[in-house]
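Trainee:
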Amino acid sequence: MNNIKLAPGVYYVGAVDWNTRDFHGYGTPRGVTYNSYLIVDEKICLIDTVKYPFAGELLERISQIVDPAKIDYVVVNHVEPDHSSALPMVMEKAVNAKVILTEAGKAETLKHYHKNYDFQVVKEGDSLDLGANKLHFIPLPMLHWPDSMASYLDGEEILFSNDAFGQHICTTKRFDDENDLHDILYEAAKYYANILMPFGKLVTKALGKLAQTPIKMIAPSHGIVWRSHIPDILHKYEQWGSSYATDKVVVAYDTMWGSTEKMARRILDGIAAAGVDAKLFKVSAADRSEILMELLEARAILVGSSTQNNGPLPTVGALLTYLKGLRPAGKLGASFGAYGWGGGAQKVIDEGLAGAGFAVDSSLALKWIPDQAELDQCFEYGLEFGKKVLAAKK
Ligand code: FEO
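Listed below in C-alpha cells is the structure:
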C-alpha cells in the first residue's frame with residue numbers, strides 16, 4: 002500500500018492485515034488493520050506502532066517519508082500488543098526517541114517489553130510541542146485498557162483515538178467517504194459491541210471531554226479514518242454509551258436433536274406477531290461477535306438450549322461467558338429449551354443472564370419433542386415476550 006497523507010505532514014504508516022479472522026475471540030471476517038500515523042513537523046512523532054509481524058512494513062513506510070532514526074517521539078496511546086508489539090523493533094531504529102505514554106502505559110510497557118526506554122509520562126492536559134502543531138493528551142482509561150489515551154493534534158484538528166471509533170475492516174481506501182458508510186458503521190457497531198460495551202459510562206464521559214474540541218478528523222488505530230461522517234460516528238457512540246435500544250429481540254439457541262430449534266422458530270414467529278423485530282442465531286453455526294453486534298441495539302435476548310447433563314449445551318455456555326464479560330446494560334433476558342428427564346438448562350441460563358446484568362423474565366421448558374399444542378404455546382410465549390419488550394421501551 003502507498004503511504005496516505007491525512008493532512009500536511011501527517012501520514013498513515015500502518016498495516017492492513019487482510020488474513021486475521023480472530024481477535025481474542027472476536028471474529029474478524031474482514032480482517033484487521035493496525036493504524037499508525039507519522040507526524041513530520043519540526044519534531045517527528047510516530048503515533049502508535051503495529052502488531053509485531055508487521056514491524057518491517059511499518060518501518061518501510063516510515064522510511065519512505067523520513068529516516069526512522071530521526072523520530073523524536075513515539076506516542077504509545079495503548080499498550081495492547083496489536084498497537085505496541087512492534088515498539089521494540091521501532092526503538093532499535095529510533096534510537097533517540099522518547100516514548101510518550103500514561104503512567105499506567107509505562108508500567109504496562111515495562112511488563113511487556115522489559116526495556117527501560119526514555120519514557121515521558123503524560124497526564125490530562127499535558128501537551129507536546131512539535132513545531133507548527135502541538136499534540137495534546139487525553140487519557141481514556143479502560144477504552145480499552147487502563148493505559149489508554151487519545152492524542153489530539155491541534156493545528157490540523159486530528160484526534161488519534163486509538164481503539165475508540167475503530168472498526169475491524171480491511172480496505173485499500175483509508176477514509177470514510179471512500180467506503181460504504183453502511184459497511185463501516187456496521188463494523189464500528191460490531192467493534193463497540195465486542196470491545197467497548199462494558200465501558201458505556203466511560204464512553205459517555207470521553208464524549209463529554211471531546212465536546213468542545215474542534216475535530217476535522219478522527220484517526221483510530223483500527224479501520225478507516227473518519228473525516229466526512231464524524232457526526233454520524235459520534236452520534237452512534239453517544240447512543241451506544243447510553244444503552245440505546247430498539248424494539249428488537251435476539252434469539253440465540255442451540256439444539257441437540259431439533260426440539261429446541263422448533264421452539265426457537267415458533268417463538269420467533271410470536272415475537273414478530275407482536276410487531277417486534279427479531280434475529281435468530283443458532284449459536285453453533287453463528288459468529289458470536291455478530292450475535293453481540295445485533296444485541297447492541299436490541300432490547301432483549303432469548304437464549305435457548307436443550308438440557309445436557311443438567312445444564313445448557315457447551316456452545317450456549319460459551320455464549321453466556323462472553324455475555325458476562327461484555328455486560329450489556331439495560332436489557333431483558335429469558336431462556337427456553339427442550340429436555341428429556343430432569344431438565345436444568347434454563348436455570349443455568351437464567352443465572353448466567355442475571356450475572357451478565359439482564360433483567361430475567363420467565364422461561365419456557367418443554368419435555369422431549371413439542372407437539373402442535375406445545376408449539377402454539379411457544380408462539381404465545383414469543384408473543385407475550387414481544388409485548389413485554391414493547392412495554393419496556395423507555
Ligand atoms: Fe486495538 Fe485494545 O487494542
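Numbering (the numbering used here), first residue to last: 2 to 395.
Each residue gets a CB set at the ideal place from its N, CA and C atoms; glycine is no exception.
If Ile268 sits next to Phe337, beta carbons under 8 Å apart, how far is it from one beta carbon to the other, in whole angstroms?
Mentor: Taking the first residue of the sequence shown as 1, we reach residue 268 at position 267. Taking the first residue of the sequence shown as 1, we reach residue 337 at position 336. Their Cβ separation, rounded to whole angstroms, is 6 Å, which keeps Ile268 and Phe337 in contact under 8 Å.
Trainee: With a threshold of 7 Å on Cβ separation, who are the neighbours of Ala393 within its own chain once the five nearest residues in sequence on each side are excluded?
Mentor: Counting from one through the sequence shown, the residue named residue 393 turns up at place 392. Here the set comprises Arg300 and Leu333.
Trainee: Suppose you measure from the CA of Asp49 to the CA of Tyr35; what does that come to, to the nearest Å?
Mentor: Within the sequence shown, the letter at position 48 stands for residue 49. Within the sequence shown, the letter at position 34 stands for residue 35. Computed Cα separation, rounded: 9 Å.
Trainee: Compute the Euclidean distance between the alpha carbons of Ala246 and Ile292, then round it to the nearest angstrom.
Mentor: Mapped onto the sequence shown, residue 246 falls at position 245. Mapped onto the sequence shown, residue 292 falls at position 291. Taking the straight line from one Cα to the other gives about 15 Å.
Trainee: Looking at the strands, I want to know which residues DSSP matches up with Asn78.
Mentor: Within the sequence shown, residue 78 is the residue found at index 77, counting from 1. Paired residues: none, contrary to the question.
Trainee: Taking 8 Å as the threshold, find out whether the stretch 261-278 comes into contact with the stretch 235-243 through three or more Cβ pairs.
Mentor: These segments do not touch.
Trainee: For Arg228, tell me which candidate among Phe166, Val122, Lys135 and Asp288 has the shortest Cα-Cα distance.
Mentor: Translated into positions along the sequence shown, residue 228 becomes position 227. Closest option to Arg228, Cα to Cα, is Phe166.
Trainee: If you compare alpha carbons, which of Phe24, Pro30, Pro89 and Arg31 is closest to Leu59?
Mentor: Within the sequence shown, residue 59 is the residue found at index 58, counting from 1. The shortest Cα separation from Leu59 among Phe24, Pro30, Pro89 and Arg31 belongs to Pro89.
Trainee: Would you kindly check if the distance between the Cβ of Glu188 and the Cβ of His169 is under 9 Å?
Mentor: Translated into positions along the sequence shown, residue 169 becomes position 168. Translated into positions along the sequence shown, residue 188 becomes position 187. Closer than 9 Å, so yes.
Trainee: Flag Gly167 as yes when its Cβ comes closer than 8 Å to any non-hydrogen atom of the ligand FEO, and as no otherwise.
Mentor: Here residue 167 refers to the residue found at position 166 of the sequence shown. Checking the Cβ of Gly167 against the ligand FEO gives yes.
Trainee: In whole angstroms, what separates the C-alpha of Phe200 from that of Met143?
Mentor: For the purposes of this step, residue 200 is taken as the residue at position 199 of the sequence shown. For the purposes of this step, residue 143 is taken as the residue at position 142 of the sequence shown. If I take the Cα positions, the gap works out to 7 Å.
Trainee: Does the stretch 133-142 come within contact of the stretch 14-26, defined as at least 3 CB pairs closer than 8 Å?
Mentor: Counting Cβ pairs under 8 Å, fewer than three are found: no touch.
Trainee: Give the DSSP-derived three-state secondary structure of Met257 in the structure shown.
Mentor: Along the sequence shown, read from residue 1 onward, the residue named residue 257 stands at position 256. Looking at Met257 - three-state DSSP - the assignment turns out to be coil, as it is neither helix nor strand.
Trainee: Given a threshold of 16 other Cβ atoms within 10 Å of its Cβ, counted over all protein chains shown, does Thr308 qualify as buried or as exposed?
Mentor: Translated into positions along the sequence shown, residue 308 becomes position 307. Buried: at least 16 other Cβ atoms inside 10 Å.
Trainee: Among the candidates Ala339, Tyr340, Pro329 and Phe380, whose CA atom is the shortest distance from the CA of Ala355?
Mentor: By 1-based counting over the sequence shown, the position of residue 355 is 354. Comparing Cα positions, the closest option is Pro329.
Trainee: Just tell me which of Arg289, Ile225 and Ile139 has its CA closest to the CA of Thr172.
Mentor: The count along the sequence shown starts at 1 and reaches residue 172 at position 171. Per the Cα distances, Ile225.
Trainee: Just reading off the alpha helix (DSSP H) that Ile225 is part of, what are its end residues?
Mentor: Locating residue 225 in the sequence shown gives position 224, counting from the first residue. Ile225 -> no alpha helix (DSSP H), and no H or E assigned at all.
Trainee: Excluding sequence positions up to five away, which residues of its chain have a Cβ less than 7 Å from the Cβ of Asn180?
Mentor: Locating residue 180 in the sequence shown gives position 179, counting from the first residue. Only Thr172, Lys174 and Ile225 meet the Cβ criterion.
Trainee: Is the shortest distance between the beta-carbon of Val14 and the beta-carbons of chain E less than 9 Å?
Mentor: Among the protein chains of the structure shown there is no chain E, as only one such chain exists.
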